[in-house]
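Engineer: Residue numbers (the numbering used here), protein chains in the order written: chain L, 1 to 145; chain Y, 1001 to 1082.
Here a beta-carbon is modelled for each residue, glycine too, at the ideal position from N, C-alpha and C.
#1: Can you tell which of L:9, L:129 and L:28 has the C-alpha that lies nearest to the C-alpha of residue 86 of chain L?
#2: I want to verify the contact list: residues of chain L whose CB lies under 9 angstroms from the CB of residue 1007 of chain Y, in sequence order.
#3: Taking the CB atoms as reference points, tell me whether residue 1043 of chain Y and residue 1053 of chain Y lie closer together than 8 angstroms.
#4: With a 10 Å radius around its C-beta and 16 neighbouring C-beta atoms as the bar for buried, classify residue 114 of chain L as buried or exposed.
#5: Assign residue 64 of chain L to one of three DSSP states: helix, strand, or coil.
#6: Can you tell me the Cα-Cα spacing of residue 1014 of chain Y and residue 99 of chain L, whole angstroms?
#7: Residue range of the beta strand (DSSP E) that residue 74 of chain L falls in?
#8: Chain L partners of residue 1033 of chain Y, CB-CB under 7 angstroms?
#9: Does any residue of chain Y bring its CB to less than 8 angstroms from the CB of residue 114 of chain L?
#10: For residue 1055 of chain Y and chain L, any beta-carbon pair shorter than 8 angstroms?
#11: Spatial neighbours of residue 50 of chain L within its chain, please: C-beta separation below 6 angstroms, excluding the five flanking residues on both sides.
#12: Would a C-beta distance cut-off of 8 angstroms place residue 1 of chain L and residue 73 of chain L closer than the cut-off?
#13: Should residue 143 of chain L go down as buried or exposed, given a rule of 16 or more other Cβ atoms within 10 Å for buried?
#14: Closest Cβ-Cβ distance between residue 77 of chain L and chain Y: below 8 angstroms?
#15: So residue 1016 of chain Y packs on residue 1001 of chain Y, CB below 8 angstroms; how close in whole Å?
#16: So which of L:145, L:71, L:103 and L:93 has the shortest CA-CA distance to residue 18 of chain L?
#17: Taking all protein chains shown into account, decide if residue 106 of chain L is buried (16 or more other Cβ within 10 angstroms of its Cβ) or exposed.
#18: Measure the alpha-carbon distance for residue 26 of chain L versus residue 6 of chain L and round it to whole angstroms.
#19: Does any CB atom of chain Y fall closer than 8 angstroms to the CB of residue 35 of chain L?
#20: Give a yes or no on whether the C-beta atoms belonging to residue 88 of chain L and residue 28 of chain L are separated by under 8 angstroms.
#21: Exposed or buried, what is residue 68 of chain L when buried is set at 16 or more other beta-carbons lying within 10 Å of its beta-carbon?
Quick look at the structure:
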């Protein structure tokens, strides 16, 4: 299990090059979150986080996933700071003997990262800047676990 | 003394990211009441507690939680990670 919180971009291929190695791994699932521009007016996004709590919260989420599913490894990389539309915000990778565990754990990690990891997104457009409001769907997504 | 941290629009509304306070508050709710009574910017930031979350020593907590032994309190809006 590994967690990294960083301002710098990450290279998905490089992250995955050494991930999920070993004879027990039969499935690797990856997810990448990208800065979306629904309105077509987004200039950039700024992601704020709570250094210290962020790493602790993500590690706790990852440990819970490892307790619930048969995982060999997991990796979470989440960026903060200024990001342009199209840039990768974060990635999750899970490695497991079987794909069911890898898929479920990746979804679980994503659901919990959305509303239990202390990140806040602010969108900057030509009209001004606005904090992204949490979606009630994201909160209710946790109830399925 | 207790460190109080603010994030996102809570930080913007109050105008600072962190401060160290002397407080006699026994719970988070009592601390919020103290802060609200200080200045309008605090009253504005803490107007709607449903729109806020609180962490005690970097663990999510609740507004009725006790502050005994807590070194760091953080207030912020619901998180938008991922």
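Structural biologist: Judging by the given coordinates:
#1: Of all alpha-carbon atoms in L:9, L:129 and L:28, the one lying nearest the alpha-carbon of residue 86 of chain L is that of L:9.
#2: Scanning chain L for C-beta atoms nearer than 9 angstroms to the C-beta of residue 1007 of chain Y yields 48, 49, 50, 118 and 120, reported in chain order.
#3: no
#4: Buried is the call here.
#5: Residue 64 of chain L falls in the helix class under three-state DSSP.
#6: 47 angstroms
#7: 73-79
#8: The premise fails here: residue 1033 of chain Y is roughly 24 angstroms from chain L at the closest Cβ pair, so nothing lies under 7 angstroms.
#9: yes
#10: yes
#11: 118
#12: Contact flag set, yes.
#13: exposed
#14: no
#15: Between residue 1001 of chain Y and residue 1016 of chain Y the Cβ distance is about 16 angstroms, and since that is not below 8 angstroms, they are no contact.
#16: Comparing alpha-carbon positions, the option among L:145, L:71, L:103 and L:93 lying closest to residue 18 of chain L turns out to be L:93.
#17: The residue is buried, with at least 16 neighbouring Cβ atoms inside 10 Å.
#18: 29 angstroms
#19: no
#20: no
#21: Answer is exposed; the Cβ neighbour count stays below 16.
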